[in-house]
Each structure stands twice: as structure tokens, then as C-alpha cells.
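> Chains as they are written, first to last, in our numbering: chain A, 1 to 126; chain B, 1 to 126. Glycine is no exception: its CB is placed at the ideal position from the N, C-alpha and C atoms.
Protein chains: 2
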Amino acid sequence: MATRTYSISELAEEFGVTTRTIRFYEEKGLIHPRREGQRRLYSPADRVRIKLILRGKRIGMSLQESVELIDMYDPEHNNRDQLHSLIGTVQDKRAHLQRQKQDIEEMLAGLDEVQALCERGLEGKQ
Amino acid sequence: MATRTYSISELAEEFGVTTRTIRFYEEKGLIHPRREGQRRLYSPADRVRIKLILRGKRIGMSLQESVELIDMYDPEHNNRDQLHSLIGTVQDKRAHLQRQKQDIEEMLAGLDEVQALCERGLEGKQ
DNA sequence: GACCAAGTTTACGTTAACGTAAACGTTGGG
DNA sequence: CCCAACGTTTACGTTAACGTAAACTTGGTC
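Given below as C-alpha cells:
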């Protein structure tokens with residue numbers, strides 16, 4: 001089962017970024033595509049990494065933060081101490097994300113308010 | 001009822017930022033504190049603006065974006081066209097925020113997974 | 001009156017995350 | 001054979017959001 005690969009422009013278009021961005025992520029050690037001669041060949045795994053990085057960006061994470069989060073998935077952690085400290089990190093990230101989620105919910109509530117005010121304003125002018 | 005005011009260092013400490021940051025926000029036109037002689041005096045309204053700006057920052061908004069959102073609350077919009085376009089902007093912001101919220105929920109689900117894996121790992125080593 | 005803490009202006013420095021441009025390789029089609 | 005599309009490296013430029021430092025003022029206090 002020959003695993004699919006992607007070209008750089010293919011991924012750039014899919015994710016709405018430039019090829020420069022994707023090369024930049026490689027420069028920073030965030031991804032490590034294969035090479036075919038000189039050309040980069042991206043695996044589905046590479047593609048997912050990019051996707052996760054961009055997801056992180058959308059909620060204001062730095063590239064480093066995204067990578068740290070992504071790397072929590074792969075099991076380089078073997079012994080008990082590492083597992084414990086990883087669980088600690090997970091708790092921290094969770095707390096951070098929950099705070100962000102609450103911020104967003106407050107903003108959404110604010111938008112509801114604004115919209116209600118707008119509609120009342122329009123009603124008067126009708 | 002004499003309304004309370006705040007000094008710059010007071011607010012800086014409350015929000016965990018430097019005074020430089022607060023002055024920078026003023027430089028960019030995000031806040032307009034009164035002056036008493038040379039000193040800046042911040043009103044409760046100023047304080048809230050800073051709070052909202054920092055809330056925006058936490059979810060990755062730029063300062064400009066935060067201000068745009070904050071300014072949606074004050075009614076400078078009088079006529080129907082302005083109200084309609086404001087409602088449109090509200091919809092856009094809402095969509096954006098909902099996307100971010102979903103991103104966060106996905107990440108939280110991912111963290112649950114990681115933690116479960118950790119705990120299974122620890123169980124084996126017990 | 002000397003001093004200190006808190007505030008002020010001015011100005012240059014810094015970091016992240018790319019943008020932009022130049023100069024070059026390669027490969028499939030007409 | 002040529003060129004147009006796609007890719008590559010190298011390198012300098014850019015913007016946002018402050019940090020940092022220097023030099024000055026001001027209000028209280030010992």
C-alpha cells in the first residue's frame with residue numbers, strides 16, 4: 001500500500017499558507033520531510049503536524065508551544081518520572097486552554113449583547 | 001461620589017504587565033488616561049479597556065483586533081447602514097471565535113488522550 | 001536641602017514569524 | 001531544443017509588541 005505523499009505547493013494551497021511558511025517551519029525544526037533528489041516530499045504524518053501547528057496558531061500559540069504540545073503524543077517518555085512530569089505538563093496546558101475557552105465564551109456573550117443592541121436600534125428606526 | 005482612579009503601577013501590578021506595556025497601549029491610541037500635571041490617572045473605564053485588551057491577547061488577538069471589538073460596544077453608529085454593517089461584523093467575529101473554541105476543545109480532547117496513555121503507562125510499571 | 005520612590009520622555013534594541021527578491025536547478029510538453 | 005512551471009538556497013527586509021537604558025521631574029519625608 002503505497003502511502004501518499006504531498007508536494008509543498010499542494011500543502012500550501014490546502015492550508016492557505018505560502019510555501020515560504022512551510023519551509024520556515026522546517027528551518028525551525030518543526031517538520032522533517034523526506035527528499036527526492038532536491039525536492040521535499042511530505043508524508044501524511046508531516047501533513048498532520050502542519051495542520052496541528054496551524055491549529056495552535058489560530059488560538060495564539062507560538063510555534064514552539066505547538067510543537068511541545070504535539071510532541072506530547074509520541075512516546076519518548078519511558079520511565080515513571082517522565083510520565084509523572086508529563087502528566088503535570090498536561091494539567092498546566094489544560095488549565096491554560098480552559099482559561100482561553102472562558103475568555104472566548106465571555107466574548108461571545110459580549111457579541112450577543114452588541115447584536116441585541118443593534119436590533120433594538122433598527123427596530124426604532126423602522 | 002468621587003470615582004476612583006488608578007496609578008499606572010497599580011494597574012500594571014494588577015494585570016501582571018509592566019508600566020511600559022500600558023504606556024505602549026496609550027502610544028497606540030488604545031487608551032486615553034487623564035493627566036494630573038504630568039502623571040497619568042486611569043479611570044475605571046480605562047481599567048476595563050486594558051482588561052479587555054489583555055483578554056484579547058490571551059486568545060491571540062492583535063491589539064487592533066481587540067480595540068475593534070471593544071469599540072463595537074460604544075454607540076457611534078447611528079443610522080441603519082452602520083447598524084447593519086455592525087451586525088455583519090458581529091457575525092464574522094462570532095464565527096471566528098467559534099472556530100477558536102472548537103480548536104480548543106479538540107486540544108483538550110487530545111490532552112485527555114495523552115493523560116490516559118500516561119496513566120496506562122504508569123499502571124504497567126507499578 | 002537632600003534624597004528616594006514613582007513617574008515622565010526619548011530613543012534605540014529585540015524576537016517571532018514570516019515576506020520578498022535574486023539567482024539557480026529540473027523536468028515534462030510542444 | 002526551449003521554456004514555463006515548479007522547486008531550491010541564500011539573504012536581507014518587515015511588522016507587532018514590547019524591553020531596556022538614559023536622563024529628567026516631582027512629591028513627600030527625614
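Under the assumption that leucine 69 (chain A) contacts lysine 101 (chain A) (Cβ atoms under 8 Å), give the Cβ distance between them as a whole number of angstroms.
Their Cβ separation, rounded to whole angstroms, is 15 Å, which puts leucine 69 (chain A) and lysine 101 (chain A) out of contact at 8 Å.
> Going along the chain, which residues of the stretch 80-96 of chain A sit with their C-beta nearer than 7 Å to a C-beta in chain B?
Residues Arg80, Leu83, Leu86, Ile87, Val90, Lys93, Arg94.
> Provide the residue span of the beta strand (DSSP E) that contains leucine 41 (chain B), from first to last.
39-41 is the extent of the beta strand (DSSP E) around leucine 41 (chain B).
> Is tyrosine 73 (chain A) helix, strand or coil when you go by DSSP?
In this structure, tyrosine 73 (chain A) counts as coil in the three-state DSSP scheme.
> According to DSSP, is arginine 4 (chain B) part of a helix, a strand, or is it coil?
Coil.
> Output needed in chain order: residues of the stretch 98-113 of chain A with a Cβ under 9 Å from some Cβ in chain B.
The stretch 98-113 of chain A vs chain B, Cβ under 9 Å: Gln98, Arg99, Gln100, Lys101, Asp103, Ile104, Glu105, Glu106, Met107, Leu108, Gly110, Leu111, Asp112, Glu113.
> Taking DSSP's pairing of strands, which residues face glutamate 36 (chain A) in a bridge?
DSSP, once it has assigned bridges, lists A:Arg39 as partnering glutamate 36 (chain A).
> Any idea what DSSP makes of glycine 56 (chain B), helix, strand or coil?
Helix, per DSSP.
> Under 8 Å, Cβ to Cβ, is there at least one residue of chain A near lysine 115 (chain B)?
For the record, residue 115 (chain B) in the displayed sequence is glutamine; it is not lysine. Yes, its Cβ sits closer than 8 Å to a Cβ of chain A.
> Can you tell which of A:His84, A:Leu83, A:Thr18, A:Arg99 has the C-alpha that lies nearest to the C-alpha of isoleucine 50 (chain A)?
When only C-alpha atoms are compared, the closest one is A:Thr18.
> Please report the straight-line C-alpha distance between lysine 57 (chain B) and valine 48 (chain A), rounded to a whole angstrom.
C-alpha separation (whole angstroms): 27 Å.
> Using only alpha-carbon positions, find the residue among B:Asn78, B:Glu119, B:Glu26 that is nearest to asparagine 79 (chain A).
Here the closest residue by C-alpha is B:Glu119.
> Report the three-state DSSP secondary structure of lysine 28 (chain B) (helix, strand or coil).
Looking at lysine 28 (chain B) - three-state DSSP - the assignment turns out to be coil, as it is neither helix nor strand.
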